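Chains A and B, in that order, give the protein sequences. Every letter in the first sequence is one number past the one before it in this note's numbering, and letter 133, counting from 1, is 1453. Every letter in the second sequence is one number past the one before it in this note's numbering, and letter 557, counting from 1, is 565. Backbone N, C-alpha and C define an ideal beta-carbon position, used for all residues, glycine too. Bear in mind that the values here come from a model prediction, so they are computed numbers and not experimental data. Everything on this sheet refers to the single structure shown next.
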Amino acid sequence: MSEIGAPPTVFLVDDDAALRESMSLLLGQAGFQVRTFRSGTAFLDAYTKDEPGCVVLDLRMPEMSGLEVQEALLRAGYAPPILFLSGYGDVPTTVRAIKGGAVDFLVKPVAGELLIERIRQALQEDARQRAAAADQLSIRALYAELTAREREVMLLATKGFSNKEIAQQLGISPRTVESHRARVMEKMGAGGIAELCHMSAVCLASPTVT
Amino acid sequence: MMTSHTRASRGTSNLSAADLERRLEALIANLGDRDADDEQRALLLDLQVHQIELEMQGRELREARGALEESRDRYARLFDLAPVGYAVFDPHGVILDANLTAARMLGRPRSSLIGSPFSRYLEVGERRPFLSHVEQVLEARATDPENMSLMMRLRPGPEAAGGDRVFQLLSAPRFGDSGEECFSALLDVTAQYEAQAKQHASDHLRQVVLDVLPEQIAVLDGTGKIIAVNRAWADFAADNGASDTLQSGVGLDYVAACRSACGDEAESARIVADSIVAVIARRLPSFNQEYPCHTAYRHRWFEFSAVPFGGGMEGAVIVHRDITERKLAEDHSRRARESAAQGARVNAVGMLAASLIHELTQPLSAASFFGGTALTLFEQGSNDRDKLRQVLTGVEEQINRAGDILQRLRDFLRRREMQMRPVAIDELIAKATALVRWYAADKKVRVHLTHPAPSLVVMVDALQVEQVLVNLLCNSIQAIDGAGTERREVSIAIESHRGEIEFVIADTGPGLPADAGERLFDIFTSTKDSGLGMGLAISRDIVGAHGGKLWAEDAASEGAIFRFTLPLQETDQPQ
Chain A
1321 MSEIGAPPTV FLVDDDAALR ESMSLLLGQA GFQVRTFRSG TAFLDAYTKD
1371 EPGCVVLDLR MPEMSGLEVQ EALLRAGYAP PILFLSGYGD VPTTVRAIKG
1421 GAVDFLVKPV AGELLIERIR QALQEDARQR AAAADQLSIR ALYAELTARE
1471 REVMLLATKG FSNKEIAQQL GISPRTVESH RARVMEKMGA GGIAELCHMS
1521 AVCLASPTVT
Chain B
9 MMTSHTRASR GTSNLSAADL ERRLEALIAN LGDRDADDEQ RALLLDLQVH
59 QIELEMQGRE LREARGALEE SRDRYARLFD LAPVGYAVFD PHGVILDANL
109 TAARMLGRPR SSLIGSPFSR YLEVGERRPF LSHVEQVLEA RATDPENMSL
159 MMRLRPGPEA AGGDRVFQLL SAPRFGDSGE ECFSALLDVT AQYEAQAKQH
209 ASDHLRQVVL DVLPEQIAVL DGTGKIIAVN RAWADFAADN GASDTLQSGV
259 GLDYVAACRS ACGDEAESAR IVADSIVAVI ARRLPSFNQE YPCHTAYRHR
309 WFEFSAVPFG GGMEGAVIVH RDITERKLAE DHSRRARESA AQGARVNAVG
359 MLAASLIHEL TQPLSAASFF GGTALTLFEQ GSNDRDKLRQ VLTGVEEQIN
409 RAGDILQRLR DFLRRREMQM RPVAIDELIA KATALVRWYA ADKKVRVHLT
459 HPAPSLVVMV DALQVEQVLV NLLCNSIQAI DGAGTERREV SIAIESHRGE
509 IEFVIADTGP GLPADAGERL FDIFTSTKDS GLGMGLAISR DIVGAHGGKL
559 WAEDAASEGA IFRFTLPLQE TDQPQ
């Protein structure tokens, strides 16, 4: 599964020093590990996607707005959970933020408890995503271990074809299909055909891995 | 002479003393030679002695009389030739005697004067005063022996040159040959009289001129005493219930009166007193001050001014001018401008509202987070006092910060009268940019000063000038946002020239509309939906009320430039 070792970090991006100080005190006291940044650029320079956690973004900042930071993260292929803080919620901005994958949108002033709760949820979401990503990674790793024939058998089997049909398509005996299939189930560690179907979907969805 | 006839009738009168003695001795010798009784002889001798003594006495008398006559002639000549005219009048004003000088003054021979009524030579109007003068002089003999004086005008006689003459009659009563007489000296005072008349005429003219002026005018001497006032001054004093002496005001020590003023106006009255003294001493070329002088019924304002006398004279003219009408008109336009400015500020804040709310939520959020931390520390039973202090200090600071923002906003929206006070221009710029900071950030427009503002002080209503800056900055930000230009910058520059400073607000927007021109400032014209056109009109009014100018021009490269000037006080000039 995922690398549980590193604790999650709350990345605070706000140009207001008092907000950075008060929020990091609050969140620190609540047991979170917090890193603060005075601008979107400073955050983007420091952030790597290996760090688990979530991002708290002030929507309005002088140099680079929260939305722009979100866009930059998406362009770079990162999708950490983002919690937006806004002084004044206008609908178009909110819609844009949510479409960009924001997990939350809080209108200031925010009660400390609410902020903590939402951050906790965001971190859970991150953990879930990272676990899922780690799963996919291991599925792909196992998939990479399969022989070409085994991959063919796996793909056809997960498309719902019977051993006989597969044998016909591949021009081999059904018995050979049977043994390939058993080896695929074993190599992939799948408990049944349903799980193998999920694994297959992961592998087909990421053509980068071959 | 008077004594000539007595010489012929008296045989011995001209004999010398020596002759008389000789004759007396001869007589005494004859008496001794003749036979006569002793008694007869003694009698004869006595008679002869008496006769001789009488002769001697008579002679001495004659000598004395001669001396007297000689002296009298001398005095008569003095009387006739004295530089002062003399005349003697009987109780009816008939000339009993007159000297030659008097005759020459009257332009008539003395012979024609004596025995004639003096009234004949007087102007008709002068006759009765003359007769009553004579009467008074004679009546006064018993009570008041002093000379009495009468001024009168004489018709010139045939021997006189020039026109009417003015004489002064100085008279005293005396008892003469014909009883009560009025003895008068005649002085020709025509020259003095004419000079005086001229002076009177000029005084009169001056007074008439002063009186027709609507301003209240008083003339002060070198010590600050009033020596003349005009009618407006007296009327004003009367209207305001001053006593008679104060109404005329003449003789009143104006400077001392100012110094002794008490109550609300004591301080300004003292300044007025000092200034008048300075003007009289010519340490000040002049002094002007406006002041309110309200009654229970209406508001009034006056302008006080003091100017020194010209020439070598010490003193000053002080003028109080009623400027109520001008003040009311100014007041009216000021009020109109203030309420328009107020409206424009509300308008501007409406536009800035979203940004301002954001600005306000910053400290509130921070305070809330600090508070949450404090609560957590408390619930966890923390003993970390340093952290608690940090957190609670944070709460306090952030609440104050929110309060400051509200105060700034309240100040900006407050309706109040124009107040001129010295303000540093960097303070003006800081306040205005603070109000538009978030608005600019939202619109992604950078507002910056091209270089640090010079440390100059201007005498302005800070709020109104701040408003002008806010209006111009918002206007530029909107222009940039509306046009979506690539570069999004508004720069503020301060240029100081001789006697004024110029604010230059340049933007990278689309520039002025081609046909805008002066219409840009028209209160009913706006190129924007938010009504900033009104903001521009009021901005121009405000700058005008401060003695400056506001105008717009297209920049050479890109965007528009708005410029406005404010007069710089000379004392505040650097260096």
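Practice problem: From the DSSP output, read off the bridge partner residues of A569 of chain B. | Solution: The amino acid at residue 569 of chain B is misidentified as Ala; the sequence shows Ile. In DSSP, I569 of chain B forms a bridge with B:A514, B:E561.
Quiz prompt | Contacts of D1336 of chain A in chain B (Cβ-Cβ under 8 Å) | solution = The answer, in chain order, is Q370, A374.
Self-check item: For R308 of chain B, the nearest candidate out of B:V315, B:P300, B:A314 (CA to CA)
Solution: Answer by Cα proximity: B:P300.
Quiz prompt | Proximity of V285 of chain B and G232 of chain B at Cβ, strictly below 8 Å | solution = Taking 8 Å as the cut-off, the beta carbon of V285 of chain B is found closer than this to the beta carbon of G232 of chain B.
Exercise. Using the Cα positions of V478 of chain B and E1437 of chain A, report the straight-line distance between them to the nearest angstrom.
Key: Taking the straight line joining both Cα atoms gives about 41 Å.
Self-check item: Bounding residues of the alpha helix (DSSP H) (the contiguous stretch that carries Y299 of chain B)
Solution: Here Y299 of chain B belongs to no alpha helix (DSSP H); instead the beta strand (DSSP E) covers 295-300.
Quiz item: From B:A522, B:A26, B:F572, B:A374, pick the residue whose C-alpha is nearest to that of S504 of chain B; which is it?
Solution: Proximity to S504 of chain B across B:A522, B:A26, B:F572, B:A374 peaks at B:F572, based on C-alpha coordinates.
Quiz item: Expressed to the nearest angstrom, what Euclidean distance is found between the alpha-carbon atoms of A1452 of chain A and M1519 of chain A?
Solution: C-alpha separation (whole angstroms): 12 Å.
Quiz item: Quick one: what's F1425 of chain A bridged to in DSSP?
Solution: Note: F1425 of chain A sits in a beta bridge opposite A:F1404.
Quiz item: Any idea what DSSP makes of S538 of chain B, helix, strand or coil?
Solution: Bear in mind that the predicted position of S538 of chain B carries a pLDDT of just 46, short of 50, making it unreliable; the figure below should be weighed with that in mind. If DSSP states are grouped into helix, strand and coil, S538 of chain B belongs with coil.
Quiz item: Of all Cβ atoms in chain B, is any one closer than 8 Å to the Cβ of P1429 of chain A?
Solution: Using a Cβ-Cβ cut-off of 8 Å, P1429 of chain A counts as an interface residue toward chain B, since at least one Cβ of chain B sits closer than that to its own.
Quiz item: What are the residues of the stretch 1326-1359 of chain A that lie near chain B, defined by any Cβ-Cβ distance shorter than 7 Å?
Solution: Answer in chain order: D1336, A1338, L1339, E1341, S1342, M1343, L1345, L1346, Q1349, A1350.
Practice problem: Ignore the nearest five residues each way along the sequence and tell me which others in S538 of chain B's own chain have a CB closer than 6 Å to its CB. | Solution: Residue placement at S538 of chain B cannot be trusted, given a pLDDT of 46 that sits under 50; what the coordinates show is reported in the next sentence. Only M359 meet the Cβ criterion.
Quiz item: Hey, how far is the Cα of D330 of chain B from the Cα of A240 of chain B?
Solution: Their backbone Cα atoms lie some 11 Å apart in a straight line.
Practice problem: Over the uninterrupted beta strand (DSSP E) stretch that includes A1396 of chain A, give me the two end residues. | Solution: First-last for A1396 of chain A: undefined, no H or E at that position.
Quiz item: Do you know how far the Cα of D1335 of chain A is from the Cα of D1378 of chain A?
Solution: Cα to Cα, D1378 of chain A sits roughly 8 Å from D1335 of chain A.
Quiz item: If you check the beta carbons only, do A95 of chain B and A106 of chain B fall under 8 Å apart?
Solution: Contact flag set, yes.
Self-check item: Amino acids of chain A, ordered along the chain, whose beta-carbon sits closer than 7 Å to that of D450 of chain B
Solution: Proximity of chain A to D450 of chain B at the Cβ level (cut-off 7 Å) is accounted for by R1380, in chain order.
Quiz item: With DSSP run on the structure shown, which of helix, strand or coil describes H141 of chain B?
Solution: H141 of chain B falls in the helix class under three-state DSSP.
Exercise. Indicate whether R454 of chain B and R496 of chain B have their beta-carbon atoms separated by less than 8 Å.
Key: Their beta carbons are under 8 Å apart, which means R454 of chain B touches R496 of chain B by this criterion.
Exercise. Would you identify the three-state DSSP class for G101 of chain B, choosing helix, strand or coil?
Key: In the structure shown, G101 of chain B adopts coil according to DSSP, grouped into three states.
Quiz item: What three-state label does DSSP hand T441 of chain B in the structure shown?
Solution: In the three-state DSSP reduction, T441 of chain B falls in the helix class (H, G or I).
Practice problem: Under the assumption that I326 of chain B contacts E367 of chain B (Cβ atoms under 8 Å), give the Cβ distance between them as a whole number of angstroms. | Solution: Actually they are not in contact, since the Cβ atoms of I326 of chain B and E367 of chain B sit about 56 Å apart, beyond 8 Å.
Self-check item: Contact with chain A by V453 of chain B, beta-carbon distance below 8 Å
Solution: Among the CB atoms of chain A, none fall inside 8 Å of the CB of V453 of chain B.
Practice problem: Could you pull out every residue in the same chain whose Cβ sits closer than 8 Å to the Cβ of G556 of chain B, ignoring the five residues on either side in sequence? | Solution: Taken in chain order, the residues that qualify are E508, F572, T573, L574, P575.
Quiz item: Listed from N- to C-terminal order along the chain, which residues in the stretch 462-476 of chain B have their beta-carbon within a distance smaller than 8 Å of any beta-carbon of chain A?
Solution: Under the 8 Å Cβ criterion, the stretch 462-476 of chain B contributes no residue.
Self-check item: Alpha-carbon to alpha-carbon, P91 of chain B and L108 of chain B
Solution: Each residue's Cα considered, the two are about 9 Å apart.
Quiz item: Rounded C-beta distance between I103 of chain B and L121 of chain B? I'm assuming under 8 Å.
Solution: With 8 Å as the limit, I103 of chain B and L121 of chain B qualify as a contact, their Cβ atoms being about 5 Å apart.
Quiz item: Taking the alpha helix (DSSP H) that V1330 of chain A falls in, what are its first and last residues?
Solution: Where V1330 of chain A is concerned, there is no enclosing alpha helix (DSSP H), although the beta strand (DSSP E) it sits in stretches over 1329-1333.
Self-check item: According to DSSP, residues forming a beta bridge with I326 of chain B
Solution: DSSP lists B:A226, B:A314 as partners of I326 of chain B.
Exercise. Given a cut-off of 8 Å, decide if A314 of chain B and S283 of chain B are closer than it, judged by their beta-carbon atoms.
Key: In contact: S283 of chain B and A314 of chain B (Cβ atoms closer than 8 Å).
Quiz item: Given that V399 of chain B touches chain C, what residues does it touch there, using C-beta distances under 7 Å?
Solution: Chain labels in this structure do not include chain C; the protein chains are A and B.
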